[in-house]
Amino acid sequence: PGVRAAVAWSEEIARLARQHNDANVLALGARTTPPEDIPKIVRAWFDTAFAGGRHSDRVNKISALEQQSKSKAIS
502 PGVRAAVAWS
512 EEIARLARQH
522 NDANVLALGA
532 RTTPPEDIPK
542 IVRAWFDTAF
552 AGGRHSDRVN
562 KISALEQQSK
572 SKAIS
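Numbering-wise (this note's numbering), the sequence shown opens with residue 502 and increments by one.
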């Protein structure tokens, strides 16, 4: 619970993953991401904050589903 991973293949996708989904794990394809692009993608991801607002609704829904799933596992 609490892990919001995103696969990013460009700086724009890395930014959007943070802004819209509050991604807290970044995944990059070793064979598909040019090595010279990796630092730019990672920097874009670190430099971007979660936008909140309407995007919070999505993240809250995911968190609620995680809590339901966790409760069922404990019962």
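Note that the Cβ used here is the ideal one computed from N, Cα and C, for glycine as well.
In this text the structure is predicted, and so the values were computed from the model without any measurement.
Cα atoms of Ala509 and Ala528: separation of roughly 6 Å, rounded to the nearest angstrom.
The C-beta distance from Arg516 to Ala545 rounds to 5 Å, short enough to fall under 8 Å.
When DSSP states are grouped into helix, strand and coil, Leu517 belongs to the helix group. For Asn561, the closest alpha carbon among the candidates Pro535, His521, Ala507 is that of His521.
When C-alpha distances from Thr534 are compared across Gly553, Thr549, Glu512, the shortest belongs to Glu512. Note on geometry: alpha-carbon atoms of Leu566 and Arg559 lie some 11 Å from one another.
Residue pairing of Val526 in beta bridges, as defined by DSSP: Ala506.
By the neighbour-count definition (other C-beta atoms within 10 Å, threshold 16), Asp548 is an exposed residue.
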